[in-house]
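Written below as structure tokens is the structure these notes are about.
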Amino acid sequence: MRVAERVEEIVERGLCTGCGACESLLGKDVLGMALSPEGFMRPRRQRPLHDDEQRAVIQVCAGRSQPGPAPSEATPHRIFGPILHLARGHATDRQIRFKSATGGILTALAVYLLESGEVDAVLQVGVSTGNPLENEVRFNTTRDEIVACAGSRYGPSAPLKDIVALLDSGKRFAFIGKPCDVATLRNLARVDPRVDRQIPYMLAMFCGGNPSIAATYDIVRRFGEDHSDVDEFRYRGHGWPGPTYLRTRQGREHRQSYDETWFSNLTYELMFRCKICADGTGEHADVVAGDCWVMDNGKPSHREAGDGWNMHIARTERGRHLIEDAVVAGYIREEPFTVAELEEMHDDHGLKKRSVLWRLAGLALTGQPFPDHGALRVVQAGLAAGWRERWTAFRGTLGRSLKRRNRESPITSGTFSPDAKSS
Numbered sequence: 000m001r002v003a004e005r006v007e008e009i010v011e012r013g014l015c016t017g018c019g020a021c022e023s024l025l026g027k028d029v030l031g032m033a034l035s036p037e038g039f040m041r042p043r044r045q046r047p048l049h050d051d052e053q054r055a056v057i058q059v060c061a062g063r064s065q066p067g068p069a070p071s072e073a074t075p076h077r078i079f080g081p082i083l084h085l086a087r088g089h090a091t092d093r094q095i096r097f098k099s100a101t102g103g104i105l106t107a108l109a110v111y112l113l114e115s116g117e118v119d120a121v122l123q124v125g126v127s128t129g130n131p132l133e134n135e136v137r138f139n140t141t142r143d144e145i146v147a148c149a150g151s152r153y154g155p156s157a158p159l160k161d162i163v164a165l166l167d168s169g170k171r172f173a174f175i176g177k178p179c180d181v182a183t184l185r186n187l188a189r190v191d192p193r194v195d196r197q198i199p200y201m202l203a204m205f206c207g208g209n210p211s212i213a214a215t216y217d218i219v220r221r222f223g224e225d226h227s228d229v230d231e232f233r234y235r236g237h238g239w240p241g242p243t244y245l246r247t248r249q250g251r252e253h254r255q256s257y258d259e260t261w262f263s264n265l266t267y268e269l270m271f272r273c274k275i276c277a278d279g280t281g282e283h284a285d286v287v288a289g290d291c292w293v294m295d296n297g298k299p300s301h302r303e304a305g306d307g308w309n310m311h312i313a314r315t316e317r318g319r320h321l322i323e324d325a326v327v328a329g330y331i332r333e334e335p336f337t338v339a340e341l342e343e344m345h346d347d348h349g350l351k352k353r354s355v356l357w358r359l360a361g362l363a364l365t366g367q368p369f370p371d372h373g374a375l376r377v378v379q380a381g382l383a384a385g386w387r388e389r390w391t392a393f394r395g396t397l398g399r400s401l402k403r404r405n406r407e408s409p410i411t412s413g414t415f416s417p418d419a420k421s422s
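According to numbering that gives the first Met the number 0, the sequence shown is numbered sequentially starting from 0.
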């Protein structure tokens, strides 16, 4: 096993998650986040890093290591991790439920935390004010600001690029992000005790991977539009799962289904780090939520189904109490949901988890570094994989590594051009 020990290697071998913590730790004059030529959020090095700067980043970087989930009293499920509380539910506020990608559970919990005085703000990602196709980090202090961020954003962002400054402010805030972003926060908490004091709640969503921004620009091209004319763009929501929607400044509108967006565009532009991720289900979070799909002959259906539903899991006691309090306060509604239903509905995450060990084997055989997945049960899950699953995962990653398809541009190179055609 070989883990990367330098920031340059993490980025250039395709292990970076793009969270932005390195910029916050060292300053943007040293490592400034920007869209890479491949369309991912990556640090751009302004000068060579000193050894102490390398160590400061490496010890918190989830691209290097994810030691394991937050402490929990629950025995971890082989695939889905610690489960202290499991249910299906939705926001009781109809606006939140309608705007959200699913049932609005995470948005409703965030609003509850703010309005109950548990936190001063919520750190999350929303639509960029300068470009509706891109994302920006928001530090929200009002209900309206939180609700404006409801819905999926299938593209790169760097939600932790200002995390040190926010901790310096002394404010208490909740965080909503991808599982890998929460993992980085847990790493940071090991060296900065302010994280646990000032970020009492870390919320995440089930994640199928983070696509390049090139995939979004490709959707615009397929609609026959120019990116400079786009006035509004959303991936989901306004129904469940909700169509991908685009409106131009001239008033032209376009829509396509969830399956058309995900399986014809986004899935082909996922960053390599997502393909070897062992935590798509947010094991490091206090609460994680995902789609509670309508099932059709034992398979999840993505057809439009009206009002959305989440399935959600409390990983920690703090998360379990948060859900209970939000139910009592009337912010969310719950119904029973079983582990067996979770396993059937989200077996795509089961397949991915079972494949990680064999993908890492493909990297190891070619001498490539890979993340230390710590206590995320990669071996246990991998041994449960069938032989076809094992061979497919191993062969695919081995071929990718031999062809250098997991490589990304050097940390000193240029930035993404929206006019360049995606591969």
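Each residue gets a CB set at the ideal place from its N, CA and C atoms; glycine is no exception.
Would you tell me roughly how many angstroms separate the C-alpha atoms of residue i and residue j, rounded to the nearest one?
{"i": "Val287", "j": "Ile322", "result": "11 angstroms"}
{"i": "Leu218", "j": "Glu268", "result": "A small correction: the amino acid at residue 218 is Ile; Leu does not occupy that position in the sequence shown. If I take the Cα positions, the gap works out to 12 angstroms."}
{"i": "Pro47", "j": "Gln367", "result": "23 angstroms"}
{"i": "Arg353", "j": "Gln249", "result": "48 angstroms"}
{"i": "Val136", "j": "Arg319", "result": "27 angstroms"}
{"i": "Pro131", "j": "Thr396", "result": "34 angstroms"}
{"i": "Ile9", "j": "Arg87", "result": "37 angstroms"}
{"i": "Ser421", "j": "Arg196", "result": "Residue confidence is low: Ser421 scores 47 on pLDDT, short of 50, so the model does not pin down where it sits. Its coordinate-derived value is still stated next. Roughly 43 angstroms separates the two Cα atoms."}
{"i": "Ala325", "j": "Val29", "result": "42 angstroms"}
{"i": "Gly413", "j": "Lys351", "result": "32 angstroms"}
{"i": "Ala214", "j": "Asn264", "result": "6 angstroms"}
{"i": "Asn209", "j": "Gly385", "result": "26 angstroms"}
{"i": "Pro240", "j": "Arg376", "result": "31 angstroms"}
{"i": "Gly110", "j": "Ala203", "result": "The sequence shown places Val at residue 110, rather than the Gly named in the question. Val110 and Ala203: Cα-Cα distance of roughly 15 angstroms."}
{"i": "Leu362", "j": "Phe369", "result": "7 angstroms"}
{"i": "His345", "j": "Thr243", "result": "22 angstroms"}
{"i": "Thr411", "j": "Val293", "result": "46 angstroms"}
{"i": "Glu340", "j": "Lys27", "result": "45 angstroms"}
{"i": "Gly305", "j": "Asp92", "result": "15 angstroms"}
{"i": "Ala277", "j": "Pro155", "result": "19 angstroms"}
{"i": "Asn405", "j": "Ile312", "result": "32 angstroms"}
{"i": "Leu359", "j": "Ile275", "result": "7 angstroms"}
{"i": "Glu140", "j": "Cys21", "result": "The question names Glu, but residue 140 in the sequence shown is Thr. Computed Cα separation, rounded: 25 angstroms."}
{"i": "Leu34", "j": "Tyr153", "result": "14 angstroms"}
{"i": "Glu7", "j": "Gly176", "result": "24 angstroms"}
{"i": "Arg251", "j": "Arg96", "result": "26 angstroms"}
{"i": "Glu117", "j": "Ala157", "result": "25 angstroms"}
{"i": "His76", "j": "Ile82", "result": "7 angstroms"}
Just mark residue i as buried or exposed, buried being the case when its beta carbon has 16 or more other beta carbons within 10 Å.
{"i": "Lys298", "result": "exposed"}
{"i": "Trp357", "result": "buried"}
{"i": "Pro335", "result": "exposed"}
{"i": "Asn134", "result": "buried"}
{"i": "Gly164", "result": "Note that residue 164 corresponds to Ala in the displayed sequence, not to Gly. By the 10 Å Cβ count, Ala164 comes out exposed."}
{"i": "Val378", "result": "exposed"}
{"i": "Asn186", "result": "buried"}
{"i": "His314", "result": "The identity of residue 314 in the sequence shown is Arg, whereas the question assumes His. Looking at its Cβ environment, which holds 16 or more other Cβ atoms inside 10 Å, Arg314 is buried."}
{"i": "Gln65", "result": "buried"}
{"i": "Leu159", "result": "buried"}
{"i": "Val190", "result": "exposed"}
{"i": "Gly13", "result": "buried"}
{"i": "Thr337", "result": "exposed"}
{"i": "Pro178", "result": "buried"}
{"i": "Leu401", "result": "exposed"}
{"i": "Ser452", "result": "What is shown of the chain runs 0 to 422, which leaves residue 452 out entirely."}
{"i": "Leu364", "result": "exposed"}
{"i": "Arg403", "result": "exposed"}
Tell me, to the nearest whole angstrom, how far the beta carbon of residue i is from that of residue j; I am working on the premise that it is less than 8 angstroms.
{"i": "Ile145", "j": "Leu113", "result": "7 angstroms"}
{"i": "Gly102", "j": "Trp308", "result": "5 angstroms"}
{"i": "His301", "j": "Asp347", "result": "Between Asp347 and His301 the Cβ distance is about 12 angstroms, and since that is not below 8 angstroms, they are no contact."}
{"i": "Thr183", "j": "Ala61", "result": "4 angstroms"}
{"i": "His226", "j": "Tyr216", "result": "6 angstroms"}
{"i": "Glu468", "j": "Gly80", "result": "Outside the shown range of the chain, which is 0 to 422, sits residue 468, and nothing can be said about it."}
{"i": "Met310", "j": "Gly329", "result": "Wrong, their Cβ atoms sit about 20 angstroms apart, outside the cutoff."}
{"i": "Ser211", "j": "Gly38", "result": "3 angstroms"}
{"i": "Gly373", "j": "Gly31", "result": "Incorrect: roughly 29 angstroms between the Cβ atoms, too far for contact."}
{"i": "Asp371", "j": "Arg54", "result": "That belief does not hold up - the Cβ atoms of Asp371 and Arg54 are roughly 16 angstroms apart, past 8 angstroms."}
{"i": "Pro192", "j": "Arg171", "result": "That pair is no contact at about 14 angstroms."}
{"i": "Ala380", "j": "Val355", "result": "7 angstroms"}
Is the beta carbon of residue i less than 9 angstroms from the beta carbon of residue j?
{"i": "Gly236", "j": "Ala107", "result": "no"}
{"i": "Phe271", "j": "Glu407", "result": "yes"}
{"i": "Thr266", "j": "Phe205", "result": "no"}
{"i": "Ala173", "j": "Leu122", "result": "yes"}
{"i": "Ala284", "j": "Val181", "result": "yes"}
{"i": "Ile57", "j": "Arg5", "result": "yes"}
{"i": "Ala147", "j": "Val126", "result": "yes"}
- Query: What residue ranges within the segment 71-134 form continuous beta strand (DSSP E) runs of no fewer than 3 residues, ordered along the chain?
  - Reply: DSSP assignment within the segment 71-134 yields the following whole beta strand (DSSP E) runs of 3 residues or more, N-terminal first: 84-90 and 120-126.
- Length-filtered (3 minimum) beta strand (DSSP E) runs lying within the segment 184-215: 201-204
- Segments of 3+ residues assigned as beta strand (DSSP E) that fall wholly inside the segment 215-257: 229-233, 243-247 and 252-255
- Every unbroken alpha helix (DSSP H) inside the segment 295-342 [4 residues or more]: Listed in chain order, they are 316-327.
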